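Okay, structure first, notes after.
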Amino acid sequence: MPQLTPRRLATSATLIAALAGVLIPATAASAAPAAPTAPARTTAPADPAPDMDGVSAALKAAMANGAPGAMARFTGPDGVRTRTAGVRDRVSGEAMSTRARFRIGSVSKTFSSVVLLQLVDEGRLELDAPVNRYLPGLLPDDRITVRHLLTHRSGLADYTDAMFAKTVPGFEAVRNRVFTYKELVALSLAEPRTTEPGAAYKYSNTNFVVVGMLIEKATGTSVAQQYERRVFKPLNLRNTSYVHPQTQITGVHVRGYLHPDEAGAPLVDSTEQTVSWAQSAGAVISDPADLNTFTTALMRGKLLSPRMLDAMTTVTPTDTTQTRFYGLGLRRYDLSCGAQVYGHTGTVQGYYTYAFATRDGRRSLSAMANTSNRGAANTALGGTLEAAFCGKKPAPATSSPTAPRARTTLPAEAGPARAPLTVGRGAHEPLRTGHADAGEGEAAGVPARASSWPRISTESRSSLPLKASATVGSVGKTISAETLS
-7 MPQLTPRRLA
3 TSATLIAALA
13 GVLIPATAAS
23 AAPAAPTAPA
33 RTTAPADPAP
43 DMDGVSAALK
53 AAMANGAPGA
63 MARFTGPDGV
73 RTRTAGVRDR
83 VSGEAMSTRA
93 RFRIGSVSKT
103 FSSVVLLQLV
113 DEGRLELDAP
123 VNRYLPGLLP
133 DDRITVRHLL
143 THRSGLADYT
153 DAMFAKTVPG
163 FEAVRNRVFT
173 YKELVALSLA
183 EPRTTEPGAA
193 YKYSNTNFVV
203 VGMLIEKATG
213 TSVAQQYERR
223 VFKPLNLRNT
233 SYVHPQTQIT
243 GVHVRGYLHP
253 DEAGAPLVDS
263 TEQTVSWAQS
273 AGAVISDPAD
283 LNTFTTALMR
293 GKLLSPRMLD
303 AMTTVTPTDT
313 TQTRFYGLGL
323 RRYDLSCGAQ
333 VYGHTGTVQG
343 YYTYAFATRD
353 GRRSLSAMAN
363 TSNRGAANTA
373 LGGTLEAAFC
383 GKKPAPATSS
393 PTAPRARTTL
403 PAEAGPARAP
413 LTVGRGAHEP
423 LRTGHADAGE
433 GEAAGVPARA
443 SSWPRISTES
453 RSSLPLKASA
463 TVGSVGKTIS
473 AETLS
């Protein structure tokens, strides 16, 4: 599986040292020959220190683009570092807290994928078997396989496109509604197919609704019970839950705020809802510490066999610039510093989420902003990845023969056309509106009370957390999410 590139990291370390006026001997992994006195063994380059000032700047940028608050939590070999900005409740004015719970949107897809891949390992399902083998007559094409669902290559239309074509009216129409899986699939099948099975990547929540149906058919129990037995309890994720169709987020939590499509319209408190329109595609609730624990454990092989983890992390491009990839319910982002991070993005009404870790599980990052349908805020939040995993960028050296790599643009992945978002480096893909994981269309503007938000707060701990810590790869660009991203 792809790892951090030693040559790039070693080169970056040498450049930083040169700028600081310090001479660092080259390692065996670097382009320069090893120093005569260096040991014969190859020394792995050190992970870059997270740029927590850069993380804070990304959180403030999310607020400047419409989020009432934002937070991030990083874990690595040196322990846990957190940053918060703004408020978690606009009415009470309570400050944002990394101990608060929130809806994680399509990060739920990775939880669902883990459960399904465990079932594959147990011989209850086969990745390349037709879905209709297990759910006879459900889909109109026997060529659609289980793998096609997990990779978003089934061609099944995303029913949420029509459901949330008008952001707030669409949300209010389903806020308290309870759907069956079959009702959601029927909504998809009423729309034209988007691709031939296996032909191309096309993000669709329908895929992971069917994944939920497969889990329940193979086990004879609910998705909620399988999450609990296979993921939540083994990892001691005390603040993670799947309570569908209950509407409340219990305990200390972040309130979510949905931006209407109309410029200047007041934010809508979208905290309470069934999320029945998403279910196994996006209805999990969690907190930053639990997300760090989950992504770390996943990358360290604590949840899947080596064979299944290899399958999950085998990715194909989702954009034309070869910087964004998708595996089996798992994203990979290639950052400007050469680091590769695995995880998922999440968008659900009122919440944007990022949860990523490096492939070795040494570093991880979880970040959240409590708004949605405001693509610029989502893009800004994605800047936490670059800062956390790539660290501080060295100042350009005027005498350097090689110009620094320009930060480029990565659009949101998936959805009907709206304005593209700048993120990382890449060609534009169309954006989606304010539903789960739609790298949402960006509307210009800043929050009405931007100057009144509480100041940035910080917290650093030198000791490792009680939960498993993860290492998240570096990210050198801003990244946005998609429909229940």
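Using our numbering, the first residue of the sequence shown is number -7, and each one after it goes up by one. Positions of the beta carbon are idealized from the N, C-alpha and C atoms, including for glycine. These numbers were taken from a predicted model, which means no experiment stands behind them.
Proximity below 9 Å, CB of residue i to CB of residue j
i    : j    : result
R167 : H251 : no
M304 : G321 : yes
V138 : L108 : yes
V340 : A387 : no
A349 : L290 : yes
S100 : Y234 : yes
V307 : L377 : no
R247 : R75  : no
D39  : G68  : yes
V177 : V202 : yes
G375 : A49  : yes
T159 : Y249 : no
F163 : A380 : no
A359 : M44  : no
I96  : G353 : no
R135 : E175 : no
Beta-bridge pairing of residue i - partner residues as DSSP gives them
i    : result
A336 : Reading off the sequence shown, one finds His at residue 336, where the question assumed Ala. BP columns for H336 point to A347.
I277 : R95, S233
R316 : Y325
P122 : T137
G61  : G78
V260 : L250
S364 : L250
L357 : F66, F348
A87  : V79
T309 : Position check: residue 309 holds Pro in this sequence, whereas Thr was assumed. BP columns for P309 point to F317.
H245 : R93
Closest residue to residue i among the options (Cα-Cα distance)
i    : options               : result
E114 : G46, A210, P128       : A210
V72  : D282, T213, R139      : D282
R149 : A49, Y126, E183, L141 : Going by the sequence as given, residue 149 is Ala instead of Arg. Among A49, Y126, E183, L141, the Cα nearest to that of A149 is on E183.
L357 : T287, R139, I136      : T287
L229 : R91, L377, T263       : R91
A87  : H245, K384, D134      : H245
L483 : G68, V203, D153       : Since the first residue of the chain shown is -7 and the last is 477, residue 483 is not available in this structure.
H336 : R354, S328, F317      : F317
H140 : H236, Y195, G293      : Y195
Inter-residue Cα distance where the pair is residue i and residue j
i     : j    : result
A435  : E254 : Because A435 carries a pLDDT of 29, less than 50, the predicted location of this residue cannot be relied on, and the following value inherits that uncertainty. If you take the alpha carbons of A435 and E254, they lie about 9 Å apart.
R(-1) : A331 : Confidence in R(-1) is poor, its pLDDT being 43 and thus under 50, which makes the residue's placement unreliable; the coordinate value appears in the next sentence. Looking at the two C-alpha atoms, the distance is approximately 11 Å.
L117  : G256 : 50 Å
R82   : N284 : 26 Å
T315  : P42  : 21 Å
A361  : F94  : 10 Å
T198  : A273 : 8 Å
M205  : Y173 : 7 Å
D261  : A165 : 15 Å
F200  : S105 : 8 Å
L131  : G319 : 22 Å
G61   : L373 : 11 Å
T266  : R323 : 26 Å
L259  : R355 : 35 Å
G190  : L119 : 13 Å
L111  : S268 : 24 Å
A18   : R351 : A caution first: A18 carries a pLDDT of 36, below 50, which makes its placement in the model unreliable, though a value can still be read off. Approximately 25 Å between the Cα atoms of the pair.
F103  : K385 : 33 Å
F156  : D302 : 35 Å
L327  : G129 : 42 Å
A59   : T312 : 30 Å
T186  : Q218 : 31 Å
A77   : E208 : 40 Å
D133  : G46  : 48 Å
S297  : T310 : 26 Å
S89   : A121 : 44 Å
T263  : G293 : 34 Å
G212  : H236 : 18 Å
A216  : N57  : 35 Å
Residue i: CB within 8 Å of a non-hydrogen atom of the ligand FAD
i    : result
R167 : Judged by which ligands are present, the structure shown has none, so any question about the ligand FAD falls away.
9 Å Cβ cutoff, residue i in contact with chain D
i   : result
D45 : The structure shown contains no chain D; it holds only a single protein chain.
Pairs of beta-carbons, one from the stretch 277 to 292 and one from the stretch 337 to 353, closer than 8 Å: are there three or more?
Cβ pair count under 8 Å is three or more, so yes.
Specify whether the stretch 366 to 378 and the stretch 52 to 60 touch according to this definition: at least 3 beta carbon pairs, one from each stretch, less than 8 Å apart.
With a cut-off of 8 Å on Cβ pairs, the stretch 366 to 378 is in contact with the stretch 52 to 60, counting three or more such pairs.
At least three beta-carbon pairs within less than 8 Å, the stretch 125 to 132 to the stretch 220 to 228
With a cut-off of 8 Å, the stretch 220 to 228 and the stretch 125 to 132 do not count as touching, because too few Cβ pairs lie within range.
The stretch 141 to 155 in contact with the stretch 235 to 250 per 3-pair CB rule at 8 Å
Result no; under three Cβ-Cβ pairs closer than 8 Å.
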